[in-house]
Amino acid sequence: QEEENRFRNEHGIKAVGRHIPPALKDFSDLTVRYNVPQALVDTVTQCGYSEPTPVQRQAMACMLEDRQIVACAPTGSGKTAAFIVPLLHTLGTHQGGPRALILCPTRELAHQIYREALRLSASTQLRVTVVKNLKESKVKEREATFRKSDIVISTPNRLCYLLNQDQVNISLEKVRWLIIDEADKLFEGSSEQESDFRQQLEQIMCRCGPKRLIAMFSATHTPPVARWSRRHLRGLVNVTVGHRNA
Ligand code: ADP
Ligand code: MG
């Protein structure tokens, strides 16, 4: 335990919660501890990631043990791979669903996440898609693509717009992991009483199965995220890397 804390300190990781999984010593821990296929670890290394970043060490371990987290680490610290790699392993084989949903504030960001997911999923059969603009005529196609995807990336707006189309019949029931990326931005300026994002999130969560887990990622600690996560995430682990700004 003490040694574990020392290791976290050395890497600037702060983790708060009960029974926190040990941080990864290196990427091969993924195989040793969590049975992550060697091919997936090889892809990670081939991406040029020789060592996990601090947030990856702690967040990957938590997600691979089905722990809900709020992970706060500076911009550019590899938060995307921190959630993509555990998803790729946990989802296993291609089944559609979708079984993982990634929410982020902008389309640009959705595409960045998509590119990272494509690179990292090279050794898997999993399908990743971004929810795109909807043209009436394409609604049925969207529906089929959505169902065949294992991982869906979207802004809350796009996803809710799609969910609310009359002719669309899509389900989030198989969603196991809901990732909220740039949570600080999404919750920004959304008051407790009335806010589009909070309503959208509620709508999305209601449609997910009862066993769904949530992981939130952001660059800054903000009170709305802290309050919301305390209220909604059971067994929460708070992971913080570097300074606690904001
Ligand atoms: P964040 O979401 O924390 O702002 P990103 O996930 O966008 O950061 O990653 C920033 C950059 O770091 C990307 O170019 C990504 O490919 C790279 N990266 C991610 N993980 C590692 C790693 N373990 N080693 C080296 N580079 C990495
Ligand atoms: Mg990011």
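Residue numbers for the sequence shown follow UniProt numbering, so the first one is 103 and each next one is one higher. The C-beta atom is built at its ideal place from N, Cα and C for all residues, glycine as well.
Heavy atom of ligand 2 within 7 Å of residue i beta-carbon
i      : result
Thr322 : no
Thr155 : no
Arg290 : Note that residue 290 corresponds to Glu in the displayed sequence, not to Arg. Checking every heavy atom of ligand 2 against the Cβ of Glu290, none is found closer than 7 Å.
Asp298 : no
Lys287 : no
Glu284 : yes
Short Cβ contact (8 Å threshold) for residue i with residue j
i      : j      : result
Glu218 : Thr182 : yes
Val339 : Cys164 : yes
Ala173 : Pro156 : no
Arg170 : Leu315 : Just to set this straight, residue 170 is Gln in the shown sequence, not Arg. For Gln170 and Leu315, yes; Cβs fall inside 8 Å.
Gln269 : Val233 : no
Phe289 : Val327 : yes
Ala321 : Thr177 : yes
Leu228 : His191 : no
Asp252 : Pro188 : no
Thr160 : Ala117 : Per the sequence presented here, residue 160 reads as Gln, with Thr not at that position. Yes, Cβ-Cβ distance for Gln160 and Ala117 is below 8 Å.
Gly337 : Arg120 : yes
Arg244 : Leu274 : no
Whole-Å CB distance - residue i paired with residue j, under 8 Å assumed
i      : j      : result
Ala317 : Ile272 : Between Ile272 and Ala317 the Cβ distance is about 22 Å, and since that is not below 8 Å, they are no contact.
Thr257 : Ala202 : Actually they do not touch by this definition, with Cβ atoms about 16 Å apart.
Pro207 : Glu105 : 39 Å between Cβ atoms; not a contact.
Phe185 : Phe319 : 6 Å
Pro123 : Glu167 : 5 Å
Any non-hydrogen atom of ligand 1 closer than 7 Å to residue i Cβ
i      : result
Lys181 : yes
Ala175 : yes
Tyr136 : no
Gly150 : yes
Gly178 : yes
C-alpha distance - residue i paired with residue j, whole-angstrom precision
i      : j      : result
Asn347 : Ala246 : Confidence at Asn347 is low in this model, with a pLDDT of 45, below 50, so its placement is unreliable and the value that follows should be read with caution. Whole-angstrom Cα-Cα distance: 42 Å.
Val341 : Phe248 : 31 Å
Val146 : Ala125 : 17 Å
Leu205 : Asn107 : 32 Å
Leu222 : Asp131 : 17 Å
Lys127 : Cys262 : 39 Å
Gly344 : Arg110 : 11 Å
Lys287 : His334 : 18 Å
Arg260 : Gly198 : 20 Å
Leu193 : Glu112 : 32 Å
Asn266 : Gly114 : 43 Å
Arg329 : Tyr216 : 29 Å
Arg209 : Val254 : 13 Å
Arg332 : Trp279 : 18 Å
Tyr151 : Lys250 : 29 Å
Ala224 : Thr324 : 35 Å
Asn137 : Asp144 : 13 Å
Gly180 : Gln148 : 15 Å
Thr226 : Thr195 : 7 Å
Gln103 : Phe129 : 21 Å
Gln214 : Met307 : 24 Å
Residue i CB to nearest heavy atom of ligand 4 below 7 Å
i      : result
Gln160 : Inclusion of ligand 4 in the displayed structure is not the case, the ligand content consisting of ligand 1 and ligand 2 alone.
**Study point:** Whole runs of the beta strand (DSSP E) within the region 262-321, excluding any shorter than 3 residues
**Key:** 279-283, 315-320
Practice item. Tell me the start and end of each unbroken alpha helix (DSSP H) in the region 146-186 that is at least 4 residues and wholly inside, in chain order. Key: 156-166
**Study point:** Any beta strand (DSSP E) of 3 or more consecutive residues that is wholly inside the region 214-240
**Key:** Whole beta strand (DSSP E) segments, 3+ residues: 230-232.
Review point. Could you give the uninterrupted runs of the beta strand (DSSP E) lying entirely in the region 119-150, keeping only those of 3 residues or more?
Key: none
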